[in-house]
Each structure stands twice: as structure tokens, then as C-alpha cells.
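Count along the sequence shown starting at 1, add 185, and that's the number in our numbering. Single-structure report; data block below.
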Amino acid sequence: MAKDYLNVIERALMMGISDNINTDVTGDIYVYGHFPTTEEVKFPAVVVQLLATGFDEQFFGQSATFGSAGTAGTGEVYGTAFAVHILIDKDTEITIGSDKYKQRRLLNWMMLNIANYVVDIDWDVYEEEELEVLDRSLDSWNDIGYLEEFQWYGATAQFTIHFKNHRT
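Structure follows, in C-alpha cells:
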């Protein structure tokens with residue numbers, strides 16, 4: 186039976202973003218694994234959402250070597266797509282260094298730095314099981330803007346992550 190790699194990766198993304206971003210700012214940036222209700226949401230908010238999964242590449246004969254221990258087993262390269270959503274209300278203000286950031290300036294700072302955090306995650310810090318991430322990349326930032334009805338600024342990034350899925 187395959188290990189729960191998707192859950193491990195999702196938690197690593199959440200913890201990696203939270204640990205790094207909250208080290209860089211004065212104040213709190215809240216990271217969620219699901220969309221919070223409007224009553225629960227605290228700003229600025231980052232939501233990590235699993236979008237898609239599937240085989241990326243089948244190994245010939247499905248025989249593969251996993252991890253630094255050289256464990257042999259059956260598996261394939263598995264691809265996943267995650268969306269990372271940023272939500273900021275118009276009144277949120279965060280101190281970064283000695284400067285105060287809010288609204289669009291805060292959104293731009295968060296977009297750039299969250300992309301850096303995801304690409305720079307040290308998977309060894311967050312791995313709970315044997316996990317071999319082969320590639321991760323930011324595909325795009327989109328839906329960047331302001332929702333006047335709620336007075337929220339926001340953006341969404343899609344990331345792809347490829348890892349070895351060790352089944353036996």
C-alpha cells in the first residue's frame with residue numbers, strides 16, 4: 186500500500202510557508218489547509234489547496250530505487266498541483282523590517298516570498314516518511330486583484346510538485 190505522501194506534502198507546504206513567512210514579519214500571517222468560513226478567517230490569510238494528482242511517469246517495469254537508503258520497490262513519479270491563495274483585507278497592516286506593508290504592496294510582497302518559500306522548502310525538515318521530491322515549480326500567479334464587495338486583495342498561485350510514489 187502506498188504511503189500518504191499527498192498529506193505529507195500538503196502539511197509540509199503549509200508548515201514551510203507558515204514557518205518562513207512568520208519569521209520574516211512582525212505580526213501573524215495565518216495559513217490554512219482549507220478555506221475558512223468568513224467568521225473564522227483571520228487576515229492576512231494563505232490557503233493551501235490540493236487541485237490535482239496523477240501519474241507523471243511510469244517506470245519501466247515499475248521497479249525503482251527510493252531514498253538515500255536505496256530501497257528498491259514498485260512505484261512511479263507522481264505529479265500534484267496545489268493552489269496557494271492569498272487573501273488580505275483592506276485594513277491589514279504587517280511590519281516587515283522597519284516598513285509597514287498593506288493592501289497591494291503587502292500582496293505583492295507575499296506573492297514573491299511565498300513563491301520563494303515553496304521553491305526553497307527543505308523537505309528533510311518536514312518529511313514524516315520516506316519522501317523524495319524530484320521537482321517543484323511555480324506555474325503562475327493569477328486572479329490578482331481587489332474584490333470590492335468584500336474589500337479584499339487577493340492572488341492565487343499554482344504550484345506543481347513531482348515525487349516518487351513508493352507503493353511497495
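Note that CB positions come from ideal geometry on N, CA and C, so glycine has one too. In this text the structure is predicted, and so the values were computed from the model without any measurement.
Fill in: Which of helix, strand or coil DSSP assigns to Val-304
helix
Worksheet item: Smallest Cα separation from Trp-200: which of Trp-337, Val-216, Asp-189, Lys-188?
Response: This sequence places Met at residue 200; Trp is not what is there. Met-200 has its Cα closest to that of Val-216, out of Trp-337, Val-216, Asp-189, Lys-188.
Item to complete: From the DSSP output, read off the bridge partner residues of Lys-285.
Response: Thr-280
Fill in: Beta-carbon proximity list for Asn-327, same chain, < 7 Å, skipping 5 on both sides
Thr-341
Practice prompt. Specify whether the stretch 306–326 and the stretch 224–237 touch according to this definition: at least 3 beta carbon pairs, one from each stretch, less than 8 Å apart.
Written response: no
Worksheet item: Do the CB positions of Gly-218 and Thr-345 come within less than 8 Å of each other?
Response: no
Worksheet item: Within 10 angstroms of its Cβ, does Arg-321 collect 16 or more other Cβ (buried), or is it exposed?
Response: buried
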